[in-house]
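Just so we're aligned: 421 in numbering that gives the first Met the number 0 is position 422 of the sequence shown, and the numbers increase by one with no gaps anywhere.
Even glycine gets a Cβ: it sits at the ideal position worked out from N, Cα and C.
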Amino acid sequence: MYTRQKFAGIELEYQGFNYFGPMSRLGILSALCLVTLVFLGFQNRGDWGFYGHRLINRMAVFTLPPEMMYLFKPNIDFITEHAVDPDKRRYASPFEAARHYMDLDHWGQYPYDNLPRQWSEALIKYSDIVWYRSDMDSVIYRGEDLWLRFYTTDSFPWKKSELLDKSDFPQFFMRSILPHYYDDEWEIPCEVWQAYLGLDKDVPCQAVRIIDSLSSHGILPYHLIKMQRDLTEAFVDRDKSKIIRLSAEMGHYLGDAHVPLHTTSNYNGQLTDQLGIHAFWESRIPELFAEVDYDFFVGKASYISDPSEYYWNIVLTSNSFVDSVLLIEKELSITFPSDQQYCFDERLDNTVRTQCREYARAYQTRMNGMVEARMRQSVQAIGSSWYTAWIDAGQPDFRKDAFVASDQTLVAEEDISQKKEKRIKIRGHE
Ligand SMILES: [Zn+2]
Numbered sequence: 000m001y002t003r004q005k006f007a008g009i010e011l012e013y014q015g016f017n018y019f020g021p022m023s024r025l026g027i028l029s030a031l032c033l034v035t036l037v038f039l040g041f042q043n044r045g046d047w048g049f050y051g052h053r054l055i056n057r058m059a060v061f062t063l064p065p066e067m068m069y070l071f072k073p074n075i076d077f078i079t080e081h082a083v084d085p086d087k088r089r090y091a092s093p094f095e096a097a098r099h100y101m102d103l104d105h106w107g108q109y110p111y112d113n114l115p116r117q118w119s120e121a122l123i124k125y126s127d128i129v130w131y132r133s134d135m136d137s138v139i140y141r142g143e144d145l146w147l148r149f150y151t152t153d154s155f156p157w158k159k160s161e162l163l164d165k166s167d168f169p170q171f172f173m174r175s176i177l178p179h180y181y182d183d184e185w186e187i188p189c190e191v192w193q194a195y196l197g198l199d200k201d202v203p204c205q206a207v208r209i210i211d212s213l214s215s216h217g218i219l220p221y222h223l224i225k226m227q228r229d230l231t232e233a234f235v236d237r238d239k240s241k242i243i244r245l246s247a248e249m250g251h252y253l254g255d256a257h258v259p260l261h262t263t264s265n266y267n268g269q270l271t272d273q274l275g276i277h278a279f280w281e282s283r284i285p286e287l288f289a290e291v292d293y294d295f296f297v298g299k300a301s302y303i304s305d306p307s308e309y310y311w312n313i314v315l316t317s318n319s320f321v322d323s324v325l326l327i328e329k330e331l332s333i334t335f336p337s338d339q340q341y342c343f344d345e346r347l348d349n350t351v352r353t354q355c356r357e358y359a360r361a362y363q364t365r366m367n368g369m370v371e372a373r374m375r376q377s378v379q380a381i382g383s384s385w386y387t388a389w390i391d392a393g394q395p396d397f398r399k400d401a402f403v404a405s406d407q408t409l410v411a412e413e414d415i416s417q418k419k420e421k422r423i424k425i426r427g428h429e
């Protein structure tokens, strides 16, 4: 979430510039406040806190059957330590951030039936194709309900639209558009587009670009499904280092999926005057109480027969708790003595203003132990995802089967991120 907090900071800076002017005293004051705000925001960054993610990953190892322990037990420190890798990557690539959340409320009402549960279907539905016929003229196409609707810029703001009889659009998208998703620019050759629409080659076409309006609202459940596939493949390939690295990272994303505030656009209470509730819920409370008060014996990992349904259910369940998370804290902030809500903590030579222990305890109690329950469910789900990948790969025997070690996938993925970053930057100037 804190990448987005950074964005919020940039917005604030922008507003400060407008309201006060860069040279005024108020302007300087507001800039100072901003720097303090951003700085404080970064002090508590992370999801479940780094502490929580590491703890959850570690505990998940103990849900595994003895056959898997031959690989996982010797690597338990790696799995613990690298539970936070995906968060670290968020600062290297803006595209990583979308994998950690999904603003479900952006897509309508619970249970968000208009949102396809498959990534490619959602992309078809929520991507625009912009056909640049000339510098001044373009046509925008949108795959609505798996059909194709086009809007001409002549009639901006698109009052005039027409539905094309193109029921083969999903197939065209999968065959000719999706393979270019990771290119520097997400675009398709003019000839391909012209051929699809049955147009002559001399019909004006400068470029055909695709605008992804899905990803900026988060893709967490889709990414979980992809991670499950990747992890299964790593088991199939008998690639030890890949198995361990992907297991650690899967643990991270699944941990995020259990946090209610990772499923709403009001992710840090910024819309309800509850700024800071994100770290309060997922970092401060576990750091205060998990080690002593929480019970992490959750039983054995179980087989996930339908990963897509299973992961969507986790995210939807998290989302169903959003109202409680926000309303209970709101009510508590009104009824709890106001001078006992915030305390000062010493951390690494810094004094940090944070929620007092008793205030946190009261919040936890009123939520009926929700934080502990979600952590426990994270542990169970993570163990189950690893276990399922192992079963689906034919239960390789770590003592007998030949294993290899490679880091190729990691390299390939970073390459893609850099390319995509470049692509978006170019788009930002259009
Ligand atoms: Zn995260």
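Is residue i helix, strand or coil when you go by DSSP?
| i | result |
| --- | --- |
| E457 | Residue 457 lies beyond the stretch modelled for the chain, which goes from 0 to 429, so this question has no answer here. |
| V351 | strand |
| Y140 | strand |
| T408 | No answer about T408 holds up, because its pLDDT of 46 lies below 50 and its placement is not dependable. |
| D430 | Outside the shown range of the chain (0 to 429) lies residue 430, about which nothing can therefore be said. |
| I187 | strand |
| A256 | helix |
| Q394 | coil |
| D201 | coil |
| T262 | helix |
| L274 | coil |
| T62 | coil |
| K158 | Legend: pLDDT at K158 = 49, less than 50; position of this residue unreliable, value from coordinates given subsequently. In the structure shown, K158 sits in coil (DSSP, three-state: anything other than H, G, I, E or B). |
| P285 | helix |
| Y69 | helix |
| W280 | helix |
| S175 | helix |
| G217 | coil |
| E95 | coil |
| G40 | Interpretation of G40 is limited by its pLDDT of 34, a score under 50 that renders its predicted location unreliable; the figure taken from the coordinates is listed afterwards. Three-state result, G40: helix. |
| M226 | helix |
| P443 | For the chain, the structure presents residues 0 to 429; residue 443 sits outside this window and is missing. |
| K87 | helix |
| Y358 | helix |
| S337 | helix |
| P110 | coil |
| G26 | Confidence at G26 is low in this model, with a pLDDT of 37, below 50, so the placement of that residue should be treated as unreliable; the coordinate-derived value is given next. G26: helix per DSSP, three-state reduction. |
| I303 | coil |
| G48 | helix |
| G250 | helix |
| V297 | coil |
| Y386 | helix |
| N318 | helix |
| D414 | Because D414 sits at a pLDDT of 45, beneath the cut-off of 50, its placement in the model cannot be relied upon, and the point is left open. |
| M366 | coil |
| D182 | coil |
| N56 | helix |
| L31 | Because L31 sits at a pLDDT of 38, beneath the cut-off of 50, its placement in the model cannot be relied upon, and the point is left open. |
| P169 | helix |
| N267 | coil |
| N312 | helix |
On the DSSP bridge list, what partners appear for residue i?
| i | result |
| --- | --- |
| A206 | Y131 |
| V403 | D238 |
| S126 | D211 |
Of the residues the options, which one's Cα is nearest the Cα of residue i?
| i | options | result |
| --- | --- | --- |
| H99 | D396, S126, D134, G254 | G254 |
| K399 | W47, I55, G48, Y69 | Y69 |
| H261 | G298, R174, P65, T316 | T316 |
| F296 | E330, E345, Y252, M58 | M58 |
| T387 | K299, E286, V258 | K299 |
| L54 | F172, T263, P395, E281 | E281 |
| A278 | L270, Y293, V258, V291 | V258 |
| S133 | E80, D167, C204 | C204 |
| P285 | A359, K329, D236 | A359 |
| F343 | Q170, R352, Y181, A380 | R352 |
| D63 | E357, G142, N318, V378 | Looking at the sequence provided, one finds Leu at residue 63 rather than Asp. Minimum Cα distance to L63 is reached at V378. |
| A392 | W311, R228, S240, S301 | R228 |
| W106 | A194, V403, S214, T364 | S214 |
| I123 | I78, D84, Q170, L274 | Q170 |
| Y309 | S240, I381, Q363 | I381 |
| Y293 | V324, V370, R141, A206 | V370 |
| R237 | F49, P395, P188, V60 | P395 |
| Q363 | L347, A289, N318, Y252 | A289 |
Measure the beta-carbon distance from residue i to residue j and round it to whole angstroms, keeping in mind my assumption that it falls under 8 Å.
| i | j | result |
| --- | --- | --- |
| I224 | P306 | 6 Å |
| D431 | G217 | Because the chain here runs from 0 to 429, residue 431 falls outside it and cannot be looked at. |
| Q354 | Q339 | The pair is not a contact, with the Cβ atoms about 10 Å apart (cut-off 8 Å). |
| W185 | W130 | The Cβ separation is near 14 Å, so there is no contact. |
Using a threshold of 8 Å, is the CB atom of residue i nearer than that to any non-hydrogen atom of ligand 3?
| i | result |
| --- | --- |
| Y252 | With respect to ligand 3, the structure offers nothing, as its ligand set consists of ligand 1. |
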